[in-house]
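Counting along the sequence shown from 1, when you hit position 86 you're at 86 in the working numbering, and nothing is skipped either side.
No residue lacks a Cβ here, since even glycine has one placed at the ideal position from N, Cα and C.
Only one structure is covered here, and it is reproduced in the block below.
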Amino acid sequence: IVGDLLYVADTENHLIRKIDLQKQQVKTIAGTGVQGRNAWPGWNGDPNERPVNGRWEGVARTTPLNSPWALWPNGEHLYIAMAGPHQIWRMNLKTSLIGPYAGNGREDIVDGARLPATPYGLNSASFAQPSGLSSDGKYLFVADCEGSSIRRVPMNPTDRVTTIVGTAELPANRLFEFGDEDGSFEQAKLQHALGVTYHESKLYIADTYNDKIKTIDLENQSVTTIAGGQGAFNEPAGLSYAAGKLYVADTNNHQIRWIDLNNNNAVTDLSIEVEPPAQMVAPAIPFNGPRFAFGERDIRAGKVMLRLDLPLAENERLHHQLTPQITITPRPGTIQLEPAGPVVVRGNSLELPLTVTGPNSSPIVVKAIYFYCRHANGKNGGLCKIGQVIWEGKLNSTASGASETLEFEATAPAAGNP
Numbered sequence: 001i002v003g004d005l006l007y008v009a010d011t012e013n014h015l016i017r018k019i020d021l022q023k024q025q026v027k028t029i030a031g032t033g034v035q036g037r038n039a040w041p042g043w044n045g046d047p048n049e050r051p052v053n054g055r056w057e058g059v060a061r062t063t064p065l066n067s068p069w070a071l072w073p074n075g076e077h078l079y080i081a082m083a084g085p086h087q088i089w090r091m092n093l094k095t096s097l098i099g100p101y102a103g104n105g106r107e108d109i110v111d112g113a114r115l116p117a118t119p120y121g122l123n124s125a126s127f128a129q130p131s132g133l134s135s136d137g138k139y140l141f142v143a144d145c146e147g148s149s150i151r152r153v154p155m156n157p158t159d160r161v162t163t164i165v166g167t168a169e170l171p172a173n174r175l176f177e178f179g180d181e182d183g184s185f186e187q188a189k190l191q192h193a194l195g196v197t198y199h200e201s202k203l204y205i206a207d208t209y210n211d212k213i214k215t216i217d218l219e220n221q222s223v224t225t226i227a228g229g230q231g232a233f234n235e236p237a238g239l240s241y242a243a244g245k246l247y248v249a250d251t252n253n254h255q256i257r258w259i260d261l262n263n264n265n266a267v268t269d270l271s272i273e274v275e276p277p278a279q280m281v282a283p284a285i286p287f288n289g290p291r292f293a294f295g296e297r298d299i300r301a302g303k304v305m306l307r308l309d310l311p312l313a314e315n316e317r318l319h320h321q322l323t324p325q326i327t328i329t330p331r332p333g334t335i336q337l338e339p340a341g342p343v344v345v346r347g348n349s350l351e352l353p354l355t356v357t358g359p360n361s362s363p364i365v366v367k368a369i370y371f372y373c374r375h376a377n378g379k380n381g382g383l384c385k386i387g388q389v390i391w392e393g394k395l396n397s398t399a400s401g402a403s404e405t406l407e408f409e410a411t412a413p414a415a416g417n418p
C-alpha cells in the first residue's frame with residue numbers, strides 16, 4: 001500500500017491491480033489476463049539476441065504475466081515475486097515498463113549475479129517459486145518457498161543475490177531440503193515458507209508447512225520460533241507488521257490473527273466488526289409457461305408424494321444436473337404443505353415428498369421451474385431451456401382422505417393459458 005493506493009497481485013488472473021481507496025476504483029496496471037510463457041519480454045528465442053537498454057522489458061499492459069504472487073513498492077518501482085518463471089520482476093510505475101529484475105528463469109536455489117548475460121544463462125541467481133517480499137530499503141527479502149529458503153536481493157544492481165536461511169547450490173538441482181530447526185543461519189531449516197516481513201533488523205517468517213511464525217535476527221544471524229506448533233496455526237501465509245503487532249493470515253484456519261510482540265508474543269484472533277452486507281434478493285423470474293386446472297382434490301393429512309408430469313415433447317428430456325424448483329402456495333391460515341425432502345427427477349416427472357397438516361380446504365397454486373434439453377437419437381442435441389408450469393385448483397385435507405399421492409398432469413388448461 002502506498003498512500004491511498006493498494007497494489008494487488010491477482011495471481012490466478014495473471015494481473016497486477018491498483019485499488020484507489022479514496023475513489024473506490026480498481027484498475028489493471030499490468031498483464032493481459034493470459035498466462036505468460038516467456039520469462040523475458042521481447043525475447044524471440046535467439047541466444048545471441050541482446051535486450052534494448054540492457055534489460056528485457058515490455059509495456060506492462062501488453063506483457064503477459066505468469067502467477068504474480070507478492071508485491072513490494074519502492075519509490076517509482078514495484079517489485080513482483082513472479083512465481084511462474086521463478087523470478088523477481090520490476091515495474092516502473094512512471095514509464096509502465098516491466099521485466100525481470102533478478103533470476104535466470106531456472107527453478108533452483110543458486111546465489112550469484114541478479115541476471116544472466118543471456119536468458120536462462122548459468123552463473124547467475126536462480127529462484128524457486130518466490131512467494132513473499134519485504135525490504136529494508138537496501139535489500140529485497142524473498143520468501144523462496146519451493147526451496148524453503150529466505151533470499152536477499154540487492155537494490156544495488158552490481159551486488160549479488162545471496163541466501164540467508166536455507167540450502168543453496170545443492171548438487172543435481174536438489175530443492176527439497178527442508179526441516180523445522182531453529183538456531184544459527186547454518187543450522188536453521190524451514191519448510192515452504194510463503195511470507196516474510198521486515199522490521200528493525202528482523203525478518204518475520206511465515207514458516208507455512210511447519211505451521212509456525214519465526215524471526216530471523218539479521219544482526220545475530222539466528223532463527224527463532226515465536227509462535228505456532230501444536231495446532232496453533234494451520235499453514236500461515238501472509239504477514240504484516242504494524243505498531244508492535246504482527247498480523248498473520250492463518251490460511252487453513254480461515255482467520256486473521258495477531259501476535260503481540262511486546263507481550264510475550266501472545267496470539268489473538270482478530271475481530272473485525274463491520275456491518276453485514278445487505279441481504280441479496282433474487283430477482284423474480286417472470287412467468288411465461290402454461291397453466292393447468294386440476295379442479296378439486298382430496299388428500300390425506302400426513303405424508304404425501306407430489307408428482308408433477310411436465311409438458312415436454314417426445315424429444316425433450318429433463319436436465320438431471322440442474323436442480324428444479326417447486327413452490328406450493330395455499331391461502332394463508334389454511335392447509336399447510338411442507339417439503340419433507342428434495343425434489344427428485346424421474347424421467348420427465350418431478351417428485352417432492354410433502355407433509356400435509358391441518359384438516360382444511362384451500363385454493364392452491366403449484367409452480368414448477370425446470371431445465372430441459374432437446375434430444376436426438378438418445379443424445380443431447382445441445383439446445384437447453386428453462387421451463388415453467390403452474391397448476392391451480394382446490395385441495396381438501398382430511399384425516400380420512402383416501403389418496404397419499406397428489407399427481408398433476410399437463411392436461412386441462414385453465415383460462416388465460418398462453
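Non-local beta-carbon contacts of T405 in its own chain, meaning distances under 6 angstroms to residues more than five positions away in sequence, involve M305 in chain order.
Of all alpha-carbon atoms in S67, P85, A143 and D4, the one lying nearest the alpha-carbon of G238 is that of A143. Between L318 and V345, the C-beta spacing is below 8 angstroms. The Cβ atoms of L78 and L93 lie closer than 8 angstroms to each other. G147 carries a helical assignment under DSSP once its states are collapsed to helix, strand and coil.
Residue state for R61 is assigned as helix, using DSSP reduced to three classes.
Sequence-distant Cβ neighbours of T225 in its own chain, meaning closer than 7 angstroms and more than five residues away, are D182, K212 and K214.
D159 and A278 have their C-alpha atoms spaced approximately 54 angstroms apart. Counted as a single uninterrupted DSSP element, the beta strand (DSSP E) harbouring N74 occupies residues P68 to N74. Membership of G99 in the beta strand (DSSP E) is indicated by the continuous run L97 to A102. Per DSSP, reduced to three states, the secondary structure at E409 is coil, with no helix or strand assignment.
Judged by DSSP secondary structure, P85 falls outside any beta strand (DSSP E); it is assigned neither H nor E. For Q336, the enclosing beta strand (DSSP E) has its first and last residue at Q336 to P339. Relative to the Cα of P73, the nearest Cα in the group L115, T63, G137 and G84 belongs to G137.
Note on geometry: alpha-carbon atoms of Y120 and Q35 lie some 19 angstroms from one another. Assignment of V52 by DSSP, reduced to helix, strand and coil, places it in the helix class. Distance from the CA of H192 to the CA of T208, rounded to the nearest whole angstrom, comes to 6 angstroms. With 16 or more neighbouring CB atoms inside 10 Å of its own CB, A9 falls in the buried class. Taking C-beta separations shorter than 7 angstroms and ignoring five residues to either side along the sequence, the partners of W391 in its chain run F292, F294, V366 and F408, following chain order. DSSP places N92 in the strand class (E or B) of the three-state scheme. Of I164, M82, I259 and Q230, the smallest CA-CA separation from L218 is found for I164.
I88 and Y101 do touch by the CB rule: their CB atoms are close to 5 angstroms apart, below 8 angstroms.
T62 sits exposed, since fewer than 16 C-beta atoms from the chains shown fall within 10 Å of its C-beta. For Q24, there is no enclosing beta strand (DSSP E), as DSSP gives it neither H nor E. Judged by DSSP in its simplified three-state form, N315 adopts coil rather than helix or strand. Within the same chain, and ignoring the five residues on either side of F233 in sequence, the residues whose Cβ sits closer than 6 angstroms to its Cβ are D211 and D250. By the neighbour-count criterion, in which a residue is buried when 16 or more other Cβ atoms sit within 10 angstroms of its Cβ, A81 is buried. As a beta-bridge residue in DSSP terms, H199 pairs with K202.
For Q187, no beta strand (DSSP E) encloses it, and the DSSP letter there is neither H nor E. Secondary structure at Y120: coil, using DSSP grouped into helix, strand and coil.
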